Each structure stands twice: as structure tokens, then as C-alpha cells.
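The next block holds one structure in the form of C-alpha cells; read it before the comments.
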Amino acid sequence: MRDQGSIRLAFLAALLGAAPAFAQDQSAPPPVAEPVPAPPAKAAGFDATGMGMGGMGGMNGMGMGGGGMGMPGYGVTWYPGRTTSTGEDLGFVRQRLSAALPVWKEDGDAVIFNTNIRNTLFFTKATLPDTGQPFPAELWNVNFGMNYMHQFENGWSGGLMANFGSASDKPFHSSQELNVGGGGFLRVPAMRDGDSWMFFLMYSPVGNVNFPIPGVAYSWNPNEQWHVNIGIPFSVTWKPIDDLSVSLSYMPVTNVNARISYRVAQPLQVYGGFEWLNEAYYLADRVVQKDRFLSYEKRLVGGVRWNVFNHATLDLQAGYAFDRYYGEGQNLIGTGGGSAFNRVNVASGAFIGLNFGIGF
1 MRDQGSIRLA FLAALLGAAP AFAQDQSAPP PVAEPVPAPP AKAAGFDATG MGMGGMGGMN
61 GMGMGGGGMG MPGYGVTWYP GRTTSTGEDL GFVRQRLSAA LPVWKEDGDA VIFNTNIRNT
121 LFFTKATLPD TGQPFPAELW NVNFGMNYMH QFENGWSGGL MANFGSASDK PFHSSQELNV
181 GGGGFLRVPA MRDGDSWMFF LMYSPVGNVN FPIPGVAYSW NPNEQWHVNI GIPFSVTWKP
241 IDDLSVSLSY MPVTNVNARI SYRVAQPLQV YGGFEWLNEA YYLADRVVQK DRFLSYEKRL
301 VGGVRWNVFN HATLDLQAGY AFDRYYGEGQ NLIGTGGGSA FNRVNVASGA FIGLNFGIGF
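For the sequence shown, this note's numbering assigns the number 1 to the initial residue and increments by one for each residue that follows.
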């Protein structure tokens with residue numbers, strides 16, 4: 001049992017480190033909340049609700065509308081052209097491809113390698129208003145990571161994560177477009193059976209904010225219907241009936257996800273929700289080296305998820321994106337992006353996406 005739990009914990013740890021931004025890069029929704037009993041990894045001493053994909057608010061997200069970068073698989077999303085604040089239309093297609101591979105495990109230890117690629121192709125003649133440069137034709141985030149997990153004899157568990165990559169319109173163009181991130185977490189069982197304390201520290205130069213983010217949370221699991229993370233990250237998962245699940249998660253600074261999922265039949269679910277998303281890149285020709293090219297949007301999303309076979313899902317989703325803008329700066333927190341350099345607003349509009357994922 002410990003061996004199986006260790007594998008689950010190691011895999012979830014890999015998901016935590018799969019995207020360079022971890023909890024800071026809120027660029028995709030969490031997987032649809034499954035209406036099932038307590039998280040399967042809980043037996044290994046790991047609260048998947050609190051630190052897994054859903055509980056962290058999609059911290060390993062692929063990129064807006066492209067599926068979860070943290071879940072191995074492929075996703076594509078199309079945003080039709082909409083008018084920008086500079087007068088031109090802007091549309092785009094986002095794609096992501098991600099994989100995780102266990103490379104070693106022994107007793108309570110495991111090492112997992114992961115790689116993630118996301119790409120956004122823009123269709124526009126818009127220019128960046130302050131510099132007159134063309135709006136980027138494409139953006140890439142190429143990332144490679146290694147994750148180590150250890151389960152202690154006293155029931156504690158922890159992990160270390162490191163990743164290397166490049167997020168830019170010209171990835172690996174120079175050393176100025178490279179990024180190195182990492183972090184770690186420690187889970188300590190609480191006095192109340194089934195509960196735990198979680199501590200973590202994460203850093204990514206292309207995260208929501210480009211400085212280290214610490215966190216501490218208490219995972220409260222009173223029964224099979226409720227799983228609550230109190231602290232940072234904050235998350236709530238409620239399963240009022242067997243086929244219905246409701247979840248809410250928040251991670252500083254603008255990472256918010258809310259979702260409701262209903263199982264229509266054993267392999268089929270429908271869902272709807274709200275997401276507040278962001279991404280960050282280093283443009284190769286940026287004027288200020290420390291500035292990042294940032295994008296923000298909010299979305300209402302709905303979809304159908306089909307469990308094709310064990311551990312594989314097909315997800316068709318559509319929705320409405322609003323409050324969208326791009327801009328340059330180190331961090332646009334607290335200003336609503338109003339003081340962003342080279343700011344380009346994009347009108348609200350619909351989108352549609354298809355994602356194929358593999359989970360364990």
C-alpha cells in the first residue's frame with residue numbers, strides 16, 4: 001500500500017512542478033472535479049484536494065483555454081478575432097503538449113521527469129501602442145522539470161521540484177529569455193485523523209508574480225462530502241450527492257477557479273464554472289529587460305467530459321472570455337493593469353476547445 005501511495009504522491013508532486021509557474025501561473029482551469037470519495041492519494045498521506053491540481057487552482061495550467069498543462073496530454077483552443085483597443089482584430093489558437101515520466105522509485109522515494117510545451121499563434125495586425133512594435137505573432141513556453149518525493153517513516157511527506165525552460169516569442173533566443181524555477185513542500189499529519197498541515201515555497205520568473213511565494217494551509221477533511229484547505233492555497237470541494245461536485249480555489253494573486261460538475265452517466269460529466277487566468281513571457285526585443293509580457297482574462301466556461309477509458313479523458317469545452325488585456329511590466333498586481341506599458345485591451349468573445357488528458 002505504501003508503494004502504491006508513493007507512486008501517487010510522486011506523480012502529484014510532478015504535477016505541482018510540471019509548469020514553471022506552479023501556483024503562480026494561473027493559466028488553465030483545474031480538471032473537472034470528479035464526484036468521488038476522498039482523494040485517492042490521501043492514503044499515502046497526501047491531500048490531493050489541497051495540493052493537487054484542483055486544490056491549487058490549476059497551478060500547472062497549460063495556457064488559457066488550452067487544457068491543463070499539469071495533466072499529461074494535448075489540448076487546443078480557438079479564440080475568434082475580436083476588436084482591440086488599437087483598432088485591429090485579434091484572434092488566436094492555443095495548443096499545449098505535456099508528459100510526465102517516472103524515472104526511479106524505491107520504497108517511499110520517487111523521481112519523476114516532466115516536460116511541457118505550450119504555444120499561442122496570434123492572428124492580428126495590432127501593434128504595441130507605446131513602442132509601435134508589432135504584436136507578437138506567437139508565444140512559446142517550453143519547460144523541463146525534475147521532481148523528487150520522499151515519504152518519511154513518521155508519516156510526513158515532502159518533495160523538491162526544479163524546472164528549466166524558456167517562455168518567450170523567441171524561446172531560447174538568448175540567456176535573457178531563459179527561466180529557472182523550483183520549490184518544495186512538506187506535509188505533516190495533524191492531530192485530527194485524516195487532516196494535515198501543508199507548507200510550501202515556490203518561485204518562478206514567469207509566475208503571476210516574479211518573486212518567491214510561501215504558503216501554509218490546514219487540510220480539513222471532516223467527511224467524504226467536504227475537503228477544505230484553510231490558508232494559502234485556499235480551496236473547498238463539496239460533494240452534496242454522489243454525482244455532483246462543487247469546487248472553489250484561490251492562490252495569490254489573481255488565481256481563482258470555481259466549478260460545478262455533474263455526472264450524467266458513468267463515463268460522462270457536464271460542468272460549468274468561472275476562471276481568472278494569467279500568463280507571463282519575456283519578449284526577445286523588450287525595451288526593459290526586467291519587464292514581462294503579461295496577459296489576463298476572466299472566463300465563463302462549460303463543457304462535457306468523457307472518460308474514454310481508465311485514466312484517459314476527452315474534454316470538449318466552450319465559453320465566454322471577458323476583461324482581457326495584454327501589457328508589459330514586472331507585475332501588474334494592484335493596478336488592474338491600468339499602468340501597464342504597451343497595454344492592448346481585447347473585446348469580450350467566445351472560445352471553443354478540445355482536450356485529451358491522461359491521469360493517474
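Every residue gets a Cβ at the ideal spot worked out from N, C-alpha and C, and that includes glycine.
Just so you know, these numbers come straight off a predicted model, no measurement behind them.
When rounded, the separation of the alpha-carbon atoms in Asn143 and Leu283 is 16 Å. For Gly194, no beta strand (DSSP E) encloses it, and the DSSP letter there is neither H nor E. DSSP, reduced to helix, strand and coil, places Gln176 within a helical segment of the structure shown. In this structure, Asn210 and Gln330 form a Cβ contact; the two beta carbons are roughly 6 Å apart against a cut-off of 8 Å.
With a threshold of 16 other beta carbon atoms within 10 Å, Ile117 meets it and is buried. When DSSP states are grouped into helix, strand and coil, Lys125 belongs to the coil group. For Val346, the pairing in a beta bridge is given by DSSP as Thr84 and Arg324. With a 10 Å radius around the Cβ and a threshold of 16 neighbouring Cβ atoms, Gln269 comes out buried.
Contact annotation: the segment 215-224 touches the segment 232-252, with at least three C-beta pairs closer than 8 Å. Looking at the backbone, the Cα of Phe152 and that of Val287 are separated by about 49 Å. Arg305 and Tyr262 have their alpha carbons spaced roughly 10 Å apart. The way I'd put it, the segment 121-129 doesn't touch the segment 158-170; fewer than three beta-carbon pairs between them come closer than 8 Å. Gly273 places its beta carbon less than 7 Å from that of Val301. For Phe351, the closest of Phe113, Phe92 and Phe341 by C-alpha to C-alpha distance is Phe92. Pairing Thr86 with Phe200, the inter-Cα distance amounts to about 42 Å. In the three-state scheme derived from DSSP, where H, G and I count as helix and E and B as strand, Thr131 is classed as coil.
Under the criterion of beta carbons closer than 8 Å, Asn114 and Asn147 qualify as touching, at roughly 7 Å. One Cα belongs to Lys170, the other to Glu177, and the distance between them is close to 8 Å.
According to DSSP, residue pairing for Gln317 in a beta bridge involves Gly303 and Gly353.
Under DSSP, the beta-bridge partners assigned to Arg292 are Gly329.
The residues Pro267 and Thr313, in chain order, have a CB closer than 7 Å to that of Asn307 in the same chain once the five nearest residues on each side in sequence are set aside. Taking C-alpha positions only, Asn342 is separated from Gln289 by approximately 15 Å. Selection Asn208, Asp107, Val246 and Ala99 evaluated against Trp226 yields Val246 as nearest (Cα-Cα).
Apart from the 5 residues on each side of it in sequence, Thr84 sits with its Cβ closer than 6 Å to the Cβ of Leu90, Ala126, Val344 and Val346 in its chain, given in chain order.
Looking from the CA of Met149, the closest CA among Pro136, Phe356, His173 and Glu106 belongs to Glu106.
Residue pairing of Ala217 in beta bridges, as defined by DSSP: Met198 and Gly231. Shortest Cα-Cα distance from Phe164 to any of Asn154, Pro102, Tyr320 and Gly145 involves Gly145. The shortest CA-to-CA distance from Arg324 to any of Phe293, Asn278 and Gln317 is the one to Asn278.
Its chain contains Met64, Leu277, Ala321, Asp323 and Arg324 as the residues whose beta carbon lies nearer than 7 Å to that of Glu297, once the 5 sequence neighbours on both sides are disregarded; these appear in chain order. DSSP, reduced to helix, strand and coil, places Ala137 outside both helices and strands of the structure shown, so it counts as coil.
For Asn141 and Gly183, the gap between their C-alpha atoms comes out near 19 Å.
Annotated three-state conformation of Ser204 is coil, per DSSP. The Cβ atoms of Gly303 and Asp285 do not sit closer than 7 Å to each other.
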